[in-house]
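Peer 1: Protein chains in written order, with the working numbering: chain U, 137 to 272; chain V, 137 to 272. Don't be surprised by glycine CBs; every beta carbon is placed ideally from N, CA and C. Input: one structure, supplied below.
There are 2 protein chains.
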Amino acid sequence: MTDPLARYPGYALRRAASAAGAVLNERLGEMGLRQASMSVLMLVEANPDITASALGRKLDIQRANMVPLLKRLEQAGLIDRRAIDGKSQGLVLTEEGMRTCADARKVVETFEAELLARVPEEHRDHLLPALNALWD
Amino acid sequence: MTDPLARYPGYALRRAASAAGAVLNERLGEMGLRQASMSVLMLVEANPDITASALGRKLDIQRANMVPLLKRLEQAGLIDRRAIDGKSQGLVLTEEGMRTCADARKVVETFEAELLARVPEEHRDHLLPALNALWD
DNA sequence: TAGCAATTGTTGTTGCGTATAACAATCCGG
DNA sequence: CCGGATTGTTATACGCAACAACAATTGCTA
């Protein structure tokens, strides 16, 4: 079948992200996480007392959409909130949050390794810098 | 702010696809299209009388989810359905569908050119093959 | 050729992710 | 001290994808 989409990097980008995301989401799902919640966990671990708003800015998630995301993580006992001042609250990992985060990192690391292994060696080192140029 | 996600190609893939997709969707939106409907238009143009099921397989969209997609395109007067046999129907572009498809292609071509222009020259030619290795 | 498995198009439902508008409470800089 | 900006939150809406089920039809094969 003729495929006029094959030569478009943008289309390949879309399909690759979708395929890779599906795999990662499935693996993270086994521990009750998704890509977004995993990202939050890792960012909170690396930046204790980070605020929900700052998190949203970093991950490009609207403030309003952080609410259910953080509520889930809090109800699962993975994060705690503590007041910084009257209106801001800092986020930290609970003990269980740290354990789950460590597990998640393992999953992510092997996933990323498998991902890179799929791209032919002569292109491999170009992938990350090329992708980063497209958004950051 | 410390960012433990920066070194992951999978994360960059996700963010890049999201950012690029948002731009393309906005531009296509001005002509009443989205990425998915644009893909359908182009594939139908290149493969007249293609079937809805075949289209779904090619684009990795479930049969059931093709229904509203095609209904929209048909109601917009961009595609026609004609019976192939008792259960299959071939899809073709209407005259207006051909015009819209040509316009969409122009938008896509400039979008793709701008996309490639953003990646540093030494990585540029590696992007498409690297991405294609991740899904096709 | 009769029958059974596979295919096609479709409906309905669910869930996720994201966008927008609005609001009260609070912070901060001039 | 005041007005604009920020924070957290609620509610709502839309697009997209997954799943199960179904009737009609096709096509292989025994």
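1) Are the C-beta of Ala200 (chain U) and some C-beta of chain V separated by less than 8 Å?
2) List the residues of chain V whose Cβ lies closer than 8 Å to the Cβ of Lys194 (chain U), in chain order.
3) Quick one: grab the DSSP three-state call for Asp239 (chain V).
4) Does chain V have any CB closer than 8 Å to the CB of Met234 (chain U)?
5) Please confirm if Arg208 (chain U) has its CB atom under 8 Å from at least one CB of chain V.
6) Going along chain V in order, which residues have a C-beta closer than 7 Å to the C-beta of Ala152 (chain U)?
7) So, is the C-beta of Gln171 (chain V) closer than 8 Å to a C-beta in chain U?
8) Quick check: the Cα distance between Pro140 (chain V) and Gly157 (chain U), rounded to an integer number of angstroms?
9) Is there at least one Cβ from chain U nearer than 8 Å to Gly226 (chain V)'s Cβ?
10) Put Arg217 (chain U) into one of helix, strand or coil per three-state DSSP.
11) In three-state DSSP terms, what is Gly157 (chain U)?
12) Decide yes or no for the touch test of the region 251-270 of chain U against the region 219-237 of chain U: beta carbon pairs closer than 8 Å, at least 3 of them.
13) Is DSSP giving Val255 (chain U) helix, strand or coil here?
14) Measure the beta-carbon distance from Leu264 (chain V) to Ala148 (chain U) and round it to whole angstroms, keeping in mind my assumption that it falls under 8 Å.
15) Taking the C-alpha atoms as reference points, what is the distance between Glu133 (chain U) and Phe247 (chain U)?
16) Pick from V:Leu160, V:Met137, V:Met167 and V:Leu229: whose alpha carbon is nearest that of Asp288 (chain V)?
17) Helix, strand or coil: how does DSSP classify Gln225 (chain U) here?
18) Leaving out the 5 sequence neighbours to the left and right, which residues in its chain are closer than 7 Å to Asp216 (chain V) when beta-carbon positions are compared?
19) What residues from chain V crowd round Ala155 (chain U), counting only those whose CB sits closer than 7 Å?
20) Using the rule of at least 16 other Cβ atoms within 10 Å of the residue's Cβ for burial, across every protein chain shown, is Ala152 (chain U) buried or exposed?
21) State the DSSP-derived secondary structure class of Thr187 (chain U), mapped to helix, strand or coil.
22) Do Ala269 (chain V) and Val255 (chain U) have their C-beta atoms closer together than 8 Å?
23) Can you tell me whether DSSP reads Tyr147 (chain U) as helix, strand or coil?
24) Applying a beta-carbon distance threshold of less than 7 Å, which residues of chain V neighbour Glu248 (chain U)?
25) Could you pull the start and end residues of the alpha helix (DSSP H) that Leu209 (chain U) belongs to?
26) Rounded to whole angstroms, what's the CA-CA distance from Cys237 (chain U) to Leu179 (chain U)? Just pull it up for me.
27) Distance check for Gln171 (chain V) and Leu160 (chain V), CA to CA, integer angstroms please.
28) Whole angstroms is fine: what's the gap from Ala188 (chain U)'s alpha carbon to Leu195 (chain U)'s?
Peer 2: Reading it off the structure:
1) Look at Ala200 (chain U): its C-beta is not under 8 Å from any C-beta on chain V.
2) Per Cβ cutoff of 8 Å: Met137 and Asp139.
3) Looking at Asp239 (chain V) - three-state DSSP - the assignment turns out to be helix.
4) With a threshold of 8 Å between beta carbons, Met234 (chain U) makes no contact with chain V.
5) Closer than 8 Å: no.
6) Those within 7 Å of Ala152 (chain U) in chain V are Leu149, Leu267, Leu270 and Trp271.
7) Chain U, which has a Cβ nearer than 8 Å to the Cβ of Gln171 (chain V), makes this yes.
8) Straight-line measurement puts the Cα of Gly157 (chain U) at about 18 Å from the Cα of Pro140 (chain V).
9) Answer no: the Cβ-Cβ gap between Gly226 (chain V) and chain U never drops below 8 Å.
10) Strand at Arg217 (chain U).
11) The answer is helix: DSSP assigns Gly157 (chain U) an H, G or I state.
12) No: the two stretches stay apart, fewer than three of their Cβ pairs being nearer than 8 Å.
13) Looking at Val255 (chain U) - three-state DSSP - the assignment turns out to be coil, as it is neither helix nor strand.
14) With 8 Å as the limit, Leu264 (chain V) and Ala148 (chain U) qualify as a contact, their Cβ atoms being about 6 Å apart.
15) Here chain U comprises residues numbered 137 to 272, so residue 133 (chain U) is not present and cannot be evaluated.
16) The requested residue 288 (chain V) does not occur in the structure, where chain V is confined to residues 137 to 272.
17) Three-state DSSP puts Gln225 (chain U) in a strand.
18) Val228 and Thr230.
19) For the C-beta of Ala155 (chain U), the chain V residues within less than 7 Å are, from N- to C-terminus, Leu270 and Trp271.
20) Ala152 (chain U) sits buried, since 16 or more C-beta atoms from the chains shown fall within 10 Å of its C-beta.
21) Strand at Thr187 (chain U).
22) Annotated as proximal: Ala269 (chain V) and Val255 (chain U), with beta-carbon spacing under 8 Å.
23) Residue state, collapsed to three classes: helix.
24) Simply Tyr144, Pro145 and Gly146.
25) Per DSSP, Leu209 (chain U) belongs to the alpha helix (DSSP H) from Arg199 to Gln211.
26) One C-alpha to the other measures close to 10 Å.
27) Distance between the alpha carbons of Leu160 (chain V) and Gln171 (chain V) is about 7 Å.
28) Going by the C-alpha atoms only, they are around 11 Å apart.
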